[in-house]
Amino acid sequence: MDMNPWERRQKILEVLCLRRHDTYRNLAHEFNVSTGTIRRDIVVLTCSYPVETVKGHHGVIR
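Right, here's the structure in full:
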């Protein structure tokens, strides 16, 4: 079942709250979207929530 962007972003927040951190690649795989989509979702989420990204080889999100 496909999620709309709002639903996916809510689920991403839930995942990050449970796991404390994850990678763009893992989230993209889990939500069956591209890493670019996850990056855009994270940009939107950082406007309203304390989501932090750490640059590096695996692109950690926490």
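To convert, note that position 28 of the sequence shown is 50 in our numbering; the numbers rise steadily by one, no gaps. Cβ coordinates follow ideal geometry from the N, Cα and C atoms, glycine included.
For this session: Name, in chain order, the residues that DSSP records as bridge partners for Ile83.
Result: Asp44 and Thr75
For this session: Determine the DSSP secondary structure at Cys39, reduced to helix, strand or coil.
Result: helix
For this session: State buried or exposed for Asp44, treating a residue as buried only when at least 16 other CB atoms are found within 10 Å of its CB.
Result: buried
Exercise. For Asp24, which of helix, strand or coil comes out of DSSP?
Worked result: coil
Problem set entry | Reduced DSSP category for Val55 - H, G, I as helix; E, B as strand; rest coil | coil
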